[in-house]
Amino acid sequence: MNGSYLDSYAPLLLMFLLAAGLAAVLIIASSVVGRHLKVRAKDQPYECGIRPTGDAREPYSVHFYMVAMIFILFDIEAIFLYPWAIVFKQLNMFGFVEMLLYIAILVVGYIYLWKKGALEWK
Amino acid sequence: MFPPLQDLYRIAPELVLCAFGMLVMLIDPFVPATRKRSMGWLAFAGTLVALASLRWAALNQGSAYSGLFRVDMFSLFVHAIVIGVSALAILGSFDYLDRENIQRGEYYALILFATAGMGILAGSTELITAFVGLEMSSISTYILVGFRRTVLKSNESSLKYFLLGSFATAFFLYGIALTYGATRSTRFDVVNQAIAAHGAGPLLILGLGLIFVGLGFKVVAAPFQIYTPDVYEGAPTPVTAILACGPKAAAFAVMLRIFYSAFGSASHVWFWAIWVSAILTMCIGNFAALVQTNVKRLLAYSSIAHAGYILVAFAAASEIGVAAVLFYLAAYAAMTLGAFLIVAHVGGTNEQRLNIEDYAGLGTKHPWIAACFALFLFSLLGLPATGGFLGKLYAFQSALDQRIVWLVVIAAVNSVIGAYYYLKVVVAMYFHESNKEWAPMPMRAPMFVVLLLTAIATIYFGVLPNRLMELAIASARSLR
Chain E
0 MNGSYLDSYA PLLLMFLLAA GLAAVLIIAS SVVGRHLKVR AKDQPYECGI
50 RPTGDAREPY SVHFYMVAMI FILFDIEAIF LYPWAIVFKQ LNMFGFVEML
100 LYIAILVVGY IYLWKKGALE WK
Chain W
0 MFPPLQDLYR IAPELVLCAF GMLVMLIDPF VPATRKRSMG WLAFAGTLVA
50 LASLRWAALN QGSAYSGLFR VDMFSLFVHA IVIGVSALAI LGSFDYLDRE
100 NIQRGEYYAL ILFATAGMGI LAGSTELITA FVGLEMSSIS TYILVGFRRT
150 VLKSNESSLK YFLLGSFATA FFLYGIALTY GATRSTRFDV VNQAIAAHGA
200 GPLLILGLGL IFVGLGFKVV AAPFQIYTPD VYEGAPTPVT AILACGPKAA
250 AFAVMLRIFY SAFGSASHVW FWAIWVSAIL TMCIGNFAAL VQTNVKRLLA
300 YSSIAHAGYI LVAFAAASEI GVAAVLFYLA AYAAMTLGAF LIVAHVGGTN
350 EQRLNIEDYA GLGTKHPWIA ACFALFLFSL LGLPATGGFL GKLYAFQSAL
400 DQRIVWLVVI AAVNSVIGAY YYLKVVVAMY FHESNKEWAP MPMRAPMFVV
450 LLLTAIATIY FGVLPNRLME LAIASARSLR
């Protein structure tokens, strides 16, 4: 019983071996048969064809964090609407009122953000 | 399937606090920068309504939300402390925020949210609910600590508090996971039954240990006290006042519930942990306070030492011990709040006057402020006829009743050591010549009321403790 159960994995194992073998053959073949040019330009980072300038680690606007944070907040809060949609019929009016309250709280946060200018890109 | 309406009445204080917090956030953007103080008054009104709604919750005592939350005398007692602290701290913040030019609505909204979190902590009878309360109060206070955005020290303390605080909360959460793994429940009563039936296995002991790490951080018990002086020093002083009283009371409350209700049948396991922690906390707090020259840091270390005294009563693990903890928390809140708010007042713009020698001459220049400060310091020291004295007396007495003699001896020695640094400040105020010019310190009505109330409470608890002690004992009874 146990043996036959494992047997059913045999095709999978075969597939895995084939895939690994083929990949190995291709890589080895291309390195043996193919032509290789050692050029300095090849070791440089590729940036859409533009010559790279300066360091990538530069300070950037705190606004990015702000937008990302606001996005995560509202995104997660929107996700909570889905489970409600599934049990909408069972929860009936109770669920509806609860959800209205929930969204009202979100709107408070939204108004706050808006008036504080968090959505403006200065 | 739906929670009964009564459950809403039971969490009325939290609902009120959150509603007012959101109201402040909603109105704040529409209020011109010069009139932000009105947000403070709105928040203060919120705390008053919350205090009034305690009465409503009291009429609907019992478990709410299928055993997640509970309204009993114990929870009401701690609610009263926590909300009272926030109300007074809001009043005491007005002038400070004006001086530091950080008068903003968010400050008051965050205090309200933090208070709601502490309320949830005080009433929770389930670990995840406690966790939610802990996070609510912690996250709000992380921001409050760094509220002086342009001051480097404030940033430093906020970051330290945030990093170490999240680390501690992670410990707490891990402890919950292990407890759940061992007992298949996070509800205190079910955990207690499981321990009574099967005993405490290694998994459960590890879980309890991790929970103690998380809560020990909040109540500032050694060896988790390292952050305290830096955080308390860098935070805006009124926020320090809240930190030293509110979250500490709430965390002690939930710790009492967890250790007594959930892990009550395993008290032989945690007794020695509390014992060692109490001694370490007292000694570290008192000895480090001896060498402080900054009053804010000195009071921070003193708050560590007081956590140690509270742990002495905690170790007693008896009804009278719980009552002693509650009494101590109430008396401690009054005197510490008053002391820190005086430091905020005397500190002046940019908190320049913080050293002990800066207090020289306060006794002659501002006799009333000096008298109040001396009263709070005497109470912290534990002189008779102050709340601090009776707090200590009840705490030590409850431990002696359980024959925990050595702990009490060490605690008594420690409170004598404490006399040195408290009196050092008093001596500076009254007997030293001032080396700095005293600018006039006009005291406005809100601050005056706060100092008056805290001073009256400190004396009242010291002279007529019966009423408070009766309430504390009734609260301790309801815990079982």
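Chains as they are written, first to last, in numbering that gives the first Met the number 0: chain E, 0 to 121; chain W, 0 to 479. Glycine residues also receive a C-beta, built at the ideal position from the N, C-alpha and C atoms. Since this is a predicted model, take the numbers as computed values, not measurements.
Simplified DSSP state of residue 69(W), which is helix, strand or coil
strand
Anything in chain E within Cβ reach of residue 29(W), meaning under 8 Å, just list it in chain order.
114
Where the beta strand (DSSP E) through residue 433(W) begins and ends:
Neither: residue 433(W) is in no beta strand (DSSP E) and is coded neither H nor E.
Taking 8 Å as the CB-CB cut-off, is residue 69(E) touching chain B?
No chain B is part of this structure, whose protein chains are labelled E and W.
Could you have a look at residue 45(W) and say whether DSSP puts it in helix, strand or coil?
helix
Beta-carbon contacts of residue 380(W) that lie in its chain and below 8 Å, excluding the five residues immediately before and after:
387, 414, 417, 418, 421 and 422
Drop a sphere of 10 angstroms on the beta-carbon of residue 464(W), count the other beta-carbons inside from all chains shown, and report buried for 16 or more, exposed for fewer.
buried
Got a sec: is the Cβ-Cβ distance from residue 104(E) to anything in chain W below 8 Å?
yes
Is there a Cβ from chain E that is less than 8 Å from the Cβ of residue 109(W)?
no
Here's the rule: buried if 16 or more other CB atoms are within 10 angstroms of the residue's CB, otherwise exposed. What is residue 18(E)?
exposed
Can you pull the chain E residues whose beta carbon is under 8 Å from the beta carbon of residue 24(W), in chain order?
107, 108 and 111
Contact check, residue 557(W) vs residue 88(W), beta carbons under 8 Å:
Residue 557(W) falls outside the range modelled here, since chain W spans only 0 to 479, and no answer is possible.
From which residue to which residue does the beta strand (DSSP E) around residue 62(W) run?
61-63
6 Å Cβ shell around residue 311(W) - same chain, five flanking residues per side excluded:
277, 394, 398, 406 and 410
Counting only beta-carbon atoms, is residue 135(W) nearer than 8 Å to chain E?
no
Residue 21(W) CB to nearest chain E CB: under 8 Å?
yes
Buried or exposed for residue 44(E), please, with buried defined as at least 16 other CB atoms from any protein chain shown within 10 angstroms of its CB.
exposed
Alpha helix (DSSP H) containing residue 65(E): first to last residue?
62-78
So what does DSSP say about residue 296(W), is it helix, strand or coil?
helix
Touch test, the stretch 22-35 of chain W against the stretch 61-72 of chain W, Cβ-Cβ under 8 Å, three pairs minimum
no
Whose C-beta lies closer than 7 Å to the C-beta of residue 251(W) among residues of the same chain, with five residues either side of it excluded?
218, 309, 324 and 328
Can you give me the start and stop residues for the alpha helix (DSSP H) that residue 377(W) sits inside?
366-380
Is the Cβ-Cβ distance between residue 231(W) and residue 299(W) less than 8 Å?
yes
Could I get the ranges of all uninterrupted alpha helix (DSSP H) runs contained in the stretch 78-111 of chain E, with 4 residues as the minimum, in chain order?
80-85
Any alpha helix (DSSP H) of 4 or more consecutive residues that is wholly inside the stretch 175-231 of chain W:
187-197 and 201-218
Just how far apart, CA to CA, sit residue 342(W) and residue 382(W)?
21 Å
Confirm, please, whether the CB-CB distance from residue 434(W) to residue 356(W) is below 8 Å.
yes
For the alpha helix (DSSP H) holding residue 9(W), just list the boundary residues, first then last.
4-9
From what residue to what residue does the alpha helix (DSSP H) around residue 346(W) run?
318-346
How would you label residue 30(E), buried or exposed, when you count the other beta carbons within 10 angstroms and need 16 or more for buried?
exposed
With a cut-off of 8 Å, do at least 3 Cβ pairs link the stretch 363-374 of chain W to the stretch 424-431 of chain W?
yes
Can you give the beta carbon distance from residue 369(W) to residue 428(W), rounded, assuming they're within the 8 Å contact cut?
5 Å
Taking 8 Å as the threshold (C-beta atoms), are residue 141(W) and residue 161(W) in contact?
yes
Distance, residue 54(E) Cα to residue 47(E) Cα
16 Å
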